[in-house]
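A.B. asks: Here the numbering used here is used: the sequence shown runs in plain steps of one and ends on residue 472. Each residue gets a CB set at the ideal place from its N, CA and C atoms; glycine is no exception. This is the structure, below, for whatever I ask next.
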Amino acid sequence: MRCDGVWRNARLATLAPTMPGLGVVEDGVVAARDGVILYAGPAGAAPALDAPQVIDCDGRWITPGLIDPHTHLVFAGERAHEFELRLAGAAYEAIARAGGGILSTMAATRAASEADLVAQALPRLDALIAEGVTTVEIKSGYGLSTEHELKSLRAARALGRHRQVDVRATFLGAHALPPEFRSDADGYVSLVCDTMIPTVAAEGLAEAVDVFCEGVGFTPDQARRVFVAARAHGLEVKIHAEQLSNQHGAALAAAFGALSADHLEHLDDAGVAAMAAAGVVATLLPGAFYFTRERTAPPIEALRAAGVAMALATDCNPGTSPLTSPLLAMNMAATLFRMTIEECLAGVTREAARALGLLADRGTLEAGKLCDLAIWDIGRPAELVYRMGFNPLHARIWRGV
Ligand code: DI6
Ligand code: FE
């Protein structure tokens, strides 16, 4: 079989759903052509492989390239001062009233050019890539006007041209209420639905639409309006749901066939059942739980028992999760949420692909999938979840390169 590249003498964590656990292959081989996996499996069962480059992995582990399915990577400025104020005892509400919070990032993002946004996001993207990320979802949500939301999505698209990484863009205009609509939330939702979403869809600037459904965000009725508009324009839907309270947002998103419902600290049994029935992925965000010192963890046992797929993400954002490490996100998910090693590793590969609607072509080491690989200097996969602040990545392969 003619290939462009072969990686041999490796231990594979394939995450193949047809195999138990991590889908481990002890003496494994991966062969690829034109950026697509032709074979991933035991060396003893491999076809004859003819490749210009054959790489001896020297017994290292290979996982699918990591996928971060929930980030707010595009924004200007930072909120370290707010962090200082909070450490000094200031409450969120006081900070927000003083112009802090999302609206302070909105002001900086509106003042930034598209090029500025790209330049400020690149170091964050590089941190993800350094840990083996090959696909990343990037949301808008700090522009909060047509001009600046579109600018943010264009910056997200540009990031995918600056680095060897796949970017999936999500429109999150319904993230917060901008000052010009302070007393007219429904008027802003009309702008989101009647102007922003049609333009985003017409210009192909995003694959999905997201809503922050929360007491301090948008109501379920407003979220419903946004989902109707998203669906009318052929876009997928996602939701920030049950982060601070139970707004029954996950069940609402399930009714619209959402790809995922994210955060979920306050998800109830009805919400779990609705997600299970609709095949909605639960994307868990332990960085935000940790950084905001939340006390109520998502109902992992109930999600597990109901067979709801669980993905993991950094939720990289300047206010509640300034985190650019999927490895640390896995450690937090295990340590704080008691997810298993297998759930954590599946959460940043196979289930993260599922949360982006991309499981057909990535997220596992199987023939026909993109040859996106992460090669690790570890003795066992559990080390990727166990260690804090250590990056054992040996090499990252994106589309076979
Ligand atoms: N939930 C969050 O935790 C972030 N957005 C959201 O919908 C907060 C974003 C920020 O504080 O900048
Ligand atoms: Fe988020």
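Answer yes or no: do threonine 385 and aspartate 139 have a C-beta to C-beta separation smaller than 9 Å?
C.D. replies: One-based indexing of the sequence shown puts residue 385 at position 314. One-based indexing of the sequence shown puts residue 139 at position 68. It is a contact, given that the beta carbons lie within the stated cut-off.
A.B. asks: I'd like the list of long-range same chain contacts for phenylalanine 362, defined as Cβ closer than 6 Å, with 5 residues on each side in sequence excluded.
C.D. replies: In the sequence shown, counting from the first residue as 1, residue 362 sits at position 291. Answer for phenylalanine 362: Thr391 and Ser392, listed in chain order.
A.B. asks: Taking all protein chains shown into account, do 16 or more other C-beta atoms lie within 10 angstroms of the C-beta of valine 456, making it buried, or fewer, making it exposed?
C.D. replies: For the purposes of this step, residue 456 is identified with residue 385 of the sequence shown, where counting begins at 1. Label assigned to valine 456: buried.
A.B. asks: Considering only residues of the same chain and omitting the five flanking positions on each side of leucine 109, which have a CB-CB separation below 7 Å?
C.D. replies: For this step, residue 109 is matched to residue 38 along the sequence shown. For leucine 109, where only same-chain residues beyond five positions count, the Cβ hits under 7 Å are Met72, Cys74, Ala102, Ala103 and Ala438.
A.B. asks: Isoleucine 209: beta carbon under 8 Å from a heavy atom of ligand 1?
C.D. replies: Locating residue 209 in the sequence shown gives position 138, counting from the first residue. No, Cβ of isoleucine 209 sits at least 8 Å from all heavy atoms of ligand 1.
A.B. asks: Tell me the DSSP secondary structure of threonine 180 in three-state form.
C.D. replies: The residue given as residue 180 occupies position 109 in the sequence shown. Of the three classes helix, strand and coil, the one that applies to threonine 180 here is helix, per DSSP.
A.B. asks: For my contact list, histidine 337 and threonine 290 are in at a C-beta cut-off of 8 Å; report their separation, rounded to the angstrom.
C.D. replies: Residue numbering aside, residue 337 sits at position 266 when the sequence shown is read from its first letter. Residue numbering aside, residue 290 sits at position 219 when the sequence shown is read from its first letter. Actually they do not touch by this definition, with Cβ atoms about 16 Å apart.
A.B. asks: Looking at the unbroken beta strand (DSSP E) that takes in histidine 465, where does it start and where does it end?
C.D. replies: Translated into the one-based positions of the sequence shown, residue 465 becomes position 394. Taken as a continuous stretch (DSSP letters only), the beta strand (DSSP E) holding histidine 465 covers 464–468.
A.B. asks: Can you tell me whether DSSP reads glycine 418 as helix, strand or coil?
C.D. replies: The count along the sequence shown starts at 1 and reaches residue 418 at position 347. Looking at glycine 418 - three-state DSSP - the assignment turns out to be helix.
A.B. asks: State the DSSP-derived secondary structure class of glycine 288, mapped to helix, strand or coil.
C.D. replies: By one-based count along the sequence shown, residue 288 stands at place 217. Assignment of glycine 288 by DSSP, reduced to helix, strand and coil, places it in the coil class.
A.B. asks: What whole-angstrom Cβ distance do leucine 158 and isoleucine 166 have, given they're in contact under 8 Å?
C.D. replies: Here residue 158 refers to the residue found at position 87 of the sequence shown. Here residue 166 refers to the residue found at position 95 of the sequence shown. At roughly 12 Å, the Cβ-Cβ gap does not stay under 8 Å, so leucine 158 and isoleucine 166 are not in contact.
A.B. asks: Can you tell me where the beta strand (DSSP E) holding aspartate 98 begins and where it ends?
C.D. replies: Translated into positions along the sequence shown, residue 98 becomes position 27. Note, aspartate 98: beta strand (DSSP E), 95–104.
A.B. asks: Checking 9 Å against the spacing of the C-beta atoms, do cysteine 387 and methionine 401 come in under that value?
C.D. replies: Residue numbering aside, residue 387 sits at position 316 when the sequence shown is read from its first letter. Residue numbering aside, residue 401 sits at position 330 when the sequence shown is read from its first letter. No, the Cβ-Cβ distance between cysteine 387 and methionine 401 is not below 9 Å.
A.B. asks: Under 9 Å, do arginine 168 and cysteine 128 count as touching if we go by C-beta distance?
C.D. replies: Within the sequence shown, residue 168 is the residue found at index 97, counting from 1. Within the sequence shown, residue 128 is the residue found at index 57, counting from 1. The answer is no: Cβ separation not under 9 Å.
A.B. asks: Compare the C-beta of valine 419 with all C-beta atoms of chain B and state if any pair is closer than 9 Å.
C.D. replies: The structure shown has no chain B; it contains just one protein chain.
A.B. asks: State the DSSP-derived secondary structure class of arginine 73, mapped to helix, strand or coil.
C.D. replies: The sequence position of residue 73 within the sequence shown is 2, counting from 1. It is a strand residue.
A.B. asks: I need the straight-line Cα distance from valine 486 to glutamate 422, nearest angstrom please.
C.D. replies: This structure cannot settle anything about residue 486, because the visible part of the chain is limited to 72 through 472.
A.B. asks: For a test of the three-state rule: what should DSSP assign to glutamine 124, helix, strand or coil?
C.D. replies: The sequence position of residue 124 within the sequence shown is 53, counting from 1. Strand, per DSSP.
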